[in-house]
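J.: Quick one: structure below, then a few questions.
There are 2 protein chains.
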Amino acid sequence: MPQKPIICTIDVVLLCLQGSALHVALLKRDKPPFEGGYALPGGFIHPEEDADTLDAAARMLNEKTGIASPYLEQLCTFSGAARDPRGWSISIVYYALVPAELIKPDRAPGLQLQPVDQLRTLPFDHKEIVLAAVERVRSKSSYSSLPVYLCGEQFTLPRLQAVYEAILGEPINKVSFRRKMDELDMLEPVEGALEAGRANRPAQLYRLKNQYRNRLSLSGRAMTANSDH
Amino acid sequence: MPQKPIICTIDVVLLCLQGSALHVALLKRDKPPFEGGYALPGGFIHPEEDADTLDAAARMLNEKTGIASPYLEQLCTFSGAARDPRGWSISIVYYALVPAELIKPDRAPGLQLQPVDQLRTLPFDHKEIVLAAVERVRSKSSYSSLPVYLCGEQFTLPRLQAVYEAILGEPINKVSFRRKMDELDMLEPVEGALEAGRANRPAQLYRLKNQYRNRLSLSGRAMTANSDH
DNA sequence: CAAATAGTGTCTATAAGACATTATTGG
DNA sequence: CCAATAATGTCTTATAGACACTATTTG
Chain A
390 MPQKPIICTI DVVLLCLQGS ALHVALLKRD KPPFEGGYAL PGGFIHPEED
440 ADTLDAAARM LNEKTGIASP YLEQLCTFSG AARDPRGWSI SIVYYALVPA
490 ELIKPDRAPG LQLQPVDQLR TLPFDHKEIV LAAVERVRSK SSYSSLPVYL
540 CGEQFTLPRL QAVYEAILGE PINKVSFRRK MDELDMLEPV EGALEAGRAN
590 RPAQLYRLKN QYRNRLSLSG RAMTANSDH
Chain B
390 MPQKPIICTI DVVLLCLQGS ALHVALLKRD KPPFEGGYAL PGGFIHPEED
440 ADTLDAAARM LNEKTGIASP YLEQLCTFSG AARDPRGWSI SIVYYALVPA
490 ELIKPDRAPG LQLQPVDQLR TLPFDHKEIV LAAVERVRSK SSYSSLPVYL
540 CGEQFTLPRL QAVYEAILGE PINKVSFRRK MDELDMLEPV EGALEAGRAN
590 RPAQLYRLKN QYRNRLSLSG RAMTANSDH
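As they're listed, the protein sequences go chains A and B.
Position one of the first sequence corresponds to residue 390 (the numbering used here), numbered consecutively onward.
Position one of the second sequence corresponds to residue 390 (the numbering used here), numbered consecutively onward.
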């Protein structure tokens, strides 16, 4: 009955922190439509290869950026007649968070990091998609351990607090923050490891407890009284 | 390249409250696979007719159950090689909440309401889908006005509190509940309308403020300290 | 007026935030 | 010792919950 089949793709919003600004990874497109433009890494499902769309997203991310992200979650599906000039399409979108050091531009030709808060227009509805992913990350960060995925293996509490503040966009009370980290019960100190080097008391290094390597730790109460869930 | 195209469908989880138990609407399937089994209302996208998948979900819900739900939101997309015997498939799932009175079995042949907390195995991965929808509803209910969609046009505060308690599965402090409703600022009293009839002080009837007819009101803090977001 | 439930006032407990103090480093 | 920042103790403020009291109806 339908003349044209529905175009069915996967896109991945790969986020990292540079300085205190959240950035998204964009790739130069090497075929039409929007050839030469920068867009989200994405592509078609390979039914023979991918068990499901999460699988497909992980494969795509790895193929296009060389990254195997420990955190990769479905955002939602964007769809409709208007979003792709080729026809009626859907895109099942996943998002990933990684430390910026993990993104090696030489490993991925045509890769570019753009700050999400001053994004130019992107091909398809990719700007809208990125903004939806950022909103999700900001919202989840206020009651979960999500931002630790933006840090490396080991990090200090002041560093982690700075990461939370960068995402939430507002300062957090130091005592409350440490109480909350304690309550989330996801961190363990790296015995004897301190971050020295500067002219002050060195900070204790922490790492994620094993059980939270691939799972979020959740808190009943939000970090700050922000109203966007 | 791909021998078989990906099977691309929409499913809708329609929820309502009967007594104090959340129920899901299931339809008797009139074609294979799983012919004769009870499954979620769903079907194929009509690219000529539907502007996007939300549109398709609304159409499908209306065609199959006769209901035009004011609240219809995307849950997420289920996918993979294993979930449909016909082949590699995706299902973009939406969920809706309506007052039970709105579901008229005579209007929809083969429709059945099942309590979500004692669900038997369903065709495809529909049981998993229902459980995911219920978890989303429970989680969102703890910090939003979502449960009002399970009430009719007008309702009393004790009734609304009972609806919240039915969804969250635990009693709520009356004073806290009323403070929260006040804070959400989504209700207005229906002037002069009281729910009389019983041998006690009659309760004030309320309705949703106009601006929240099709939008949730959100609170920064959760209703109860439940840890599943 | 007794029973029943609506609606409100107020005290207590808990959690968040402000602020100050101590700790530990390099120079 | 001074500057800088980590880490923690403690007081204040805000929010949530317990409980009791008043209000309004039917029979």
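Built from N, CA and C at the ideal position, the CB exists for glycine as well.
Consult DSSP for B:Gly550 and reduce its assignment to one of helix, strand or coil.
T.: Residue mapping note: residue 550 of chain B aligns to position 161 of the second sequence, counting from 1. For clarity, residue 550 of chain B is Gln in the given sequence; the question names Gly instead. In this structure, B:Gln550 counts as helix in the three-state DSSP scheme.
J.: In chain A, which residues lie less than 8 angstroms from B:Thr466 when you measure between Cβ atoms?
T.: As a first step, residue 466 of chain B must be located in the second sequence, where it is residue number 77. Chain A residues near B:Thr466: Thr442, Gln463, Cys465, Thr466, Ile481.
J.: Which same chain residues, not among the five before or five after B:Phe566, have their C-beta less than 6 angstroms away from its C-beta?
T.: The count along the second sequence starts at 1 and reaches residue 566 of chain B at position 177. The answer, listed in chain order, is Gln550.
J.: B:Met338 and B:Lys598: beta carbons closer than 7 angstroms?
T.: Missing from the structure shown is residue 338 of chain B; chain B here goes from 390 to 618 and no further.
J.: Does any residue of chain A have a CB that is nearer than 7 angstroms to the CB of B:Ala611?
T.: On the second sequence, residue 611 of chain B is found 222 positions in, with the first residue counted as 1. Yes, its Cβ sits closer than 7 angstroms to a Cβ of chain A.
J.: Where does A:Asp495 sit, in a helix, a strand or coil, going by DSSP?
T.: As a working note, residue 495 of chain A is residue 106 in the first sequence. Coil, per DSSP.
J.: Identify which residue in A:Ser528, A:Gly455, A:Ala471 has its Cα closest to the Cα of A:Ala497.
T.: Looking up residue 497 of chain A in the first sequence gives position 108. Selected option, being the one with the closest Cα: A:Gly455.
J.: Using beta carbons (cut-off 7 angstroms, strictly below), is B:Met449 in contact with chain A?
T.: Reading the second sequence from its first residue, position 60 is the one you call residue 449 of chain B. With a threshold of 7 angstroms between beta carbons, B:Met449 makes no contact with chain A.
J.: Would you mind telling me which residues of chain A sit closer than 8 angstroms to B:Pro436, beta carbon to beta carbon, in chain order?
T.: The residue you call residue 436 of chain B lines up with position 47 of the second sequence. Chain A residues near B:Pro436: Pro391, Lys393, Ile395, Ala470, Gly476, Trp477.
J.: List the endpoints of the continuous alpha helix (DSSP H) containing A:Arg596.
T.: Numbered from 1 along the first sequence, position 207 holds the residue referred to as residue 596 of chain A. Run containing A:Arg596: none in the alpha helix (DSSP H); it sits in the beta strand (DSSP E), 592–597.
J.: What is the rounded straight-line gap between the Cα of B:Pro430 and the Cα of B:Met449?
T.: Position 41 of the second sequence, counting from 1, holds the residue named residue 430 of chain B. Position 60 of the second sequence, counting from 1, holds the residue named residue 449 of chain B. Going by the C-alpha atoms only, they are around 7 angstroms apart.
J.: Does the beta-carbon distance from A:Gly426 to A:Pro512 come in below 7 angstroms?
T.: Taking the first sequence and counting its residues from 1, the one referred to as residue 426 of chain A is at position 37. Taking the first sequence and counting its residues from 1, the one referred to as residue 512 of chain A is at position 123. Yes, Cβ-Cβ distance for A:Gly426 and A:Pro512 is below 7 angstroms.
J.: Does B:His618 get closer than 7 angstroms to chain A when you measure Cβ to Cβ?
T.: Start at 1 with the first residue of the second sequence, and residue 618 of chain B comes out as number 229. Bear in mind that a pLDDT of 27 at B:His618, under 50, signals an unreliable position, so the number given afterwards is only what the model happens to contain. Yes - at least one Cβ of chain A is within 7 angstroms of the one on B:His618.
J.: Per DSSP, what kind of secondary structure is A:Ile481 in: helix, strand or coil?
T.: Working through the first sequence from its first residue, we reach residue 481 of chain A at position 92. Residue state, collapsed to three classes: strand.
J.: Hey, could you find the ends of the beta strand (DSSP E) A:Lys393 is sitting in?
T.: As a working note, residue 393 of chain A is residue 4 in the first sequence. Counting along the chain, A:Lys393 falls outside any beta strand (DSSP E), and DSSP gives it neither H nor E.
J.: Out of A:Leu535, A:Lys516, A:Ser528, point me to the one whose CA is closest to A:Val401's CA.
T.: Position 12 of the first sequence, counting from 1, holds the residue named residue 401 of chain A. That would be A:Lys516, whose Cα lies nearest to the Cα of A:Val401.
J.: Count the C-beta pairs between the stretch 468–476 of chain A and the stretch 433–444 of chain A that are closer than 8 angstroms, then say yes if the count reaches three, no if not.
T.: no
J.: What does the Cβ neighbour count give for A:Ser478, buried or exposed, with the cut at 16 atoms within 10 Å?
T.: Here residue 478 of chain A corresponds to residue number 89 of the first sequence, with the count starting at 1. Buried.
J.: Let's see if you can read the secondary structure: which residues bound the alpha helix (DSSP H) around B:Phe566?
T.: Residue 566 of chain B sits at position 177 when you count from the first residue of the second sequence. DSSP places B:Phe566 in the uninterrupted alpha helix (DSSP H) bounded by 563–573.
J.: Would you mind working out which of B:Ser531, B:Pro591, B:Pro488 sits nearest B:Ala410, comparing C-alpha positions?
T.: Position 21 of the second sequence, counted from the start, is the residue given in the question as residue 410 of chain B. Closest option to B:Ala410, Cα to Cα, is B:Pro488.
J.: Any chance the stretch 542–549 of chain A sits against the stretch 591–607 of chain A, with 3 or more Cβ pairs inside 8 angstroms?
T.: Touching, yes, given that three or more Cβ pairs across the two stretches are closer than 8 angstroms.
J.: Should B:Arg604 be flagged as near chain A, meaning a C-beta pair shorter than 7 angstroms?
T.: Translated into positions along the second sequence, residue 604 of chain B becomes position 215. By this cut-off, B:Arg604 is not an interface position.
J.: With H, G and I counted as helix, E and B as strand and the rest as coil, what does DSSP make of B:Lys453?
T.: By one-based count along the second sequence, residue 453 of chain B stands at place 64. In the structure shown, B:Lys453 sits in a helix (DSSP, three-state: H, G or I).
J.: Helix, strand or coil: how does DSSP classify A:Glu490 here?
T.: Taking the first sequence and counting its residues from 1, one reaches residue 490 of chain A at position 101. Helix at A:Glu490.
J.: How big is the Cα-Cα spacing for A:Asp419 and A:Pro394?
T.: For this step, residue 419 of chain A is matched to residue 30 along the first sequence. For this step, residue 394 of chain A is matched to residue 5 along the first sequence. In this structure, the straight-line span from the alpha carbon of A:Asp419 to that of A:Pro394 is close to 23 angstroms.
J.: For A:Arg587, which residues of its own chain have a beta-carbon under 7 angstroms away from its beta-carbon, when the five flanking residues on both sides are left out?
T.: Along the first sequence, read from residue 1 onward, the residue named residue 587 of chain A stands at position 198. If we look at A:Arg587 and ignore the five residues flanking it on each side, it has no Cβ neighbours.
J.: Between the C-alpha atoms of A:Tyr601 and A:Pro421, what's the straight-line distance to the nearest angstrom?
T.: As a working mapping, residue 601 of chain A is identified with position 212 in the first sequence. As a working mapping, residue 421 of chain A is identified with position 32 in the first sequence. C-alpha separation (whole angstroms): 41 angstroms.
J.: Look up B:Asp400 in the DSSP assignment and give the residues it is bridged to.
T.: The count along the second sequence starts at 1 and reaches residue 400 of chain B at position 11. DSSP, once it has assigned bridges, lists B:Gly431, B:Val482 as partnering B:Asp400.
J.: Please report whether the beta-carbon of A:Ala614 lies at a distance below 7 angstroms from any beta-carbon of chain B.
T.: Your numbering for residue 614 of chain A matches position 225 in the first sequence. Interpretation of A:Ala614 is limited by its pLDDT of 44, a score under 50 that renders its predicted location unreliable; no figure is taken from the coordinates.
J.: Return the residue from the list A:Ala582, A:Thr398, A:Ala555, A:Tyr538 that minimises the CA-CA distance to A:Cys330.
T.: The structure shown does not extend to residue 330 of chain A, since chain A is modelled only from 390 to 618, so the question has no answer here.
J.: In this structure, does DSSP put B:Gln543 in helix, strand or coil?
T.: By one-based count along the second sequence, residue 543 of chain B stands at place 154. The answer is coil: DSSP assigns B:Gln543 none of H, G, I, E or B.
J.: Measuring CB to CB, does A:Leu500 end up less than 7 angstroms from A:Ala446?
T.: To locate residue 500 of chain A, count along the first sequence from 1; it is residue 111. To locate residue 446 of chain A, count along the first sequence from 1; it is residue 57. Not in contact: A:Leu500 and A:Ala446 (Cβ atoms no closer than 7 angstroms).
J.: Using a 10 Å radius around the Cβ and a threshold of 16 neighbouring Cβ atoms, would you call B:Ala611 buried or exposed?
T.: Mapped onto the second sequence, residue 611 of chain B falls at position 222. It is buried - the Cβ of B:Ala611 has at least 16 other Cβ atoms within 10 Å.
J.: Just grab the DSSP bridge partners of B:Val413 for me.
T.: Looking up residue 413 of chain B in the second sequence gives position 24. For B:Val413, DSSP records a beta bridge to B:Leu404, B:Gln503.
J.: Go ahead and pull the three-state DSSP assignment for B:Pro536.
T.: Position 147 of the second sequence, counting from 1, holds the residue named residue 536 of chain B. In the structure shown, B:Pro536 sits in a helix (DSSP, three-state: H, G or I).
J.: Quick one: measure Cβ to Cβ for B:Leu535 and B:Leu605, integer angstroms, because I've assumed they're closer than 8 angstroms.
T.: Here residue 535 of chain B refers to the residue found at position 146 of the second sequence. Here residue 605 of chain B refers to the residue found at position 216 of the second sequence. Taking C-beta atoms under 8 angstroms as the contact rule, B:Leu535 and B:Leu605 qualify, at a distance of about 6 angstroms.
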